[in-house]
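In our numbering, the protein residues as written are 13 to 260.
Even for Gly, the Cβ is constructed at its ideal location relative to N, Cα and C.
Structure first, then comments.
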């Protein structure tokens, strides 16, 4: 059997699903979209309606316990009214390469991955004010999650889908992470990820020293204790950005 690395290099993913394969007598698998740490994502079309969705197949060695996908489904259902969370549809199980493989079907969201947008910017960085506007859009969505006493758990440029909409952005956060133990600190970690993301978007060490004061007040020198104290959750970060005294 081909290795995970080999199949990814061939562009077909570890599972190697080809377009046209029928899943659960209900869907036609389409193109391979991409792979992450825990699984692979493919385009999906519902046979009866023609509605497009996506399906994520979880690597058996990274997802050995089916109860994990049940927990994830329940979490997604709890967050179903949050604007940045993909709408969950259902899950199931198939056998592939002699192993049981769990899968999850969800809505198809439009846009570009944030890391792609970043690579397209002049100097591979956003203007500080555009970066702040983008971070605010993301943080606003994360605040909805935090308001329900939940967390994302793994916010970075590789799992944020961005669609420009007028002067703003539509955001979808992918790959909600499930920690073995849920604690209040998970929300603080989300905020630390947001602050670190802003640092990355403005150009990191190459440009940070030249950024306006507000950027530095959010990034806090990437000192976790300072970030945790200043922004205990995403709502606090949103409030800070929305009320910042620009006239100063």
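Spatial distance of residue 20 from residue 252 (CA atoms): Any reading at residue 20 needs caution, since the residue's pLDDT is 42, under 50, leaving its predicted position unreliable; the model's value is listed next. Their Cα atoms are separated by approximately 42 Å.
From residue 77 to residue 49, what distance separates their C-alpha atoms? Their backbone Cα atoms lie some 16 Å apart in a straight line.
Secondary structure of residue 23, DSSP reduced to three states: With a pLDDT of only 42 at residue 23, under 50, the local geometry of the prediction cannot be trusted, and no value is derived from it.
Would residue 113 pass as a contact of residue 141 if the rule is Cβ separation under 8 Å? Contact flag unset, no.
On the three-state DSSP scale, how would you describe residue 101? strand
Would you mind sorting residue 216 into buried or exposed? The rule is 16 or more other CB atoms within 10 Å of its CB. exposed
DSSP beta-bridge partners of residue 201: Beta-bridge pairing links residue 201 to no other residue.
Would the beta-carbon of residue 153 fall within 8 Å of that of residue 190? no
Give the straight-line distance between the Cα atoms of residue 82 and residue 117, rounded to the nearest whole angstrom. So the alpha carbons of these two residues sit roughly 13 Å apart.
Pick from 202, 188, 91 that is closest to residue 68, judged by C-alpha positions: 188
Please report the Cβ distance between residue 213 and residue 143, rounded to the nearest whole angstrom; I am assuming they are in contact, meaning their Cβ atoms lie under 8 Å. 4 Å
Give every residue of the same chain whose Cβ lies closer than 7 Å to the Cβ of residue 135, excluding the five residues on either side of it in the sequence, and list them in chain order. 215
Tell me residue 44's beta-bridge partners as DSSP assigns them. 54
Are at least three pairs of beta-carbons, each pair with one atom in the stretch 117 to 127 and one in the stretch 158 to 166, less than 8 Å apart? no
Check for me: the beta strand (DSSP E) holding residue 172 runs from which residue to which? 172 to 177
Can you tell me whether residue 62 is buried or exposed, with buried defined as 16 or more other CB within 10 angstroms of its CB? exposed
Sorted by chain position, which residues of the same chain lie with C-beta nearer than 6 Å to residue 149's C-beta, five sequence neighbours on each side aside? 181, 183
Reduced DSSP secondary structure (H/G/I, E/B, other) of residue 132: helix
Quick check: residue 336 and residue 45, are their CB atoms within less than 8 Å of each other? The displayed coordinates of the chain run from 13 to 260. Any statement about residue 336 would go beyond what the structure contains.
Sequence-distant residues of its chain with Cβ nearer than 7 Å to residue 102 (five each side left out): 117
Under the three-state DSSP convention, the category residue 226 falls into: helix
Tell me which residue opens and which closes the alpha helix (DSSP H) that residue 185 is part of. Counting along the chain, residue 185 falls outside any alpha helix (DSSP H), though it belongs to the beta strand (DSSP E) covering 180 to 185.
In its own chain, which residues sit with a C-beta less than 7 Å from the C-beta of residue 203, not counting the 5 before and 5 after it? 239, 243, 245, 246, 249
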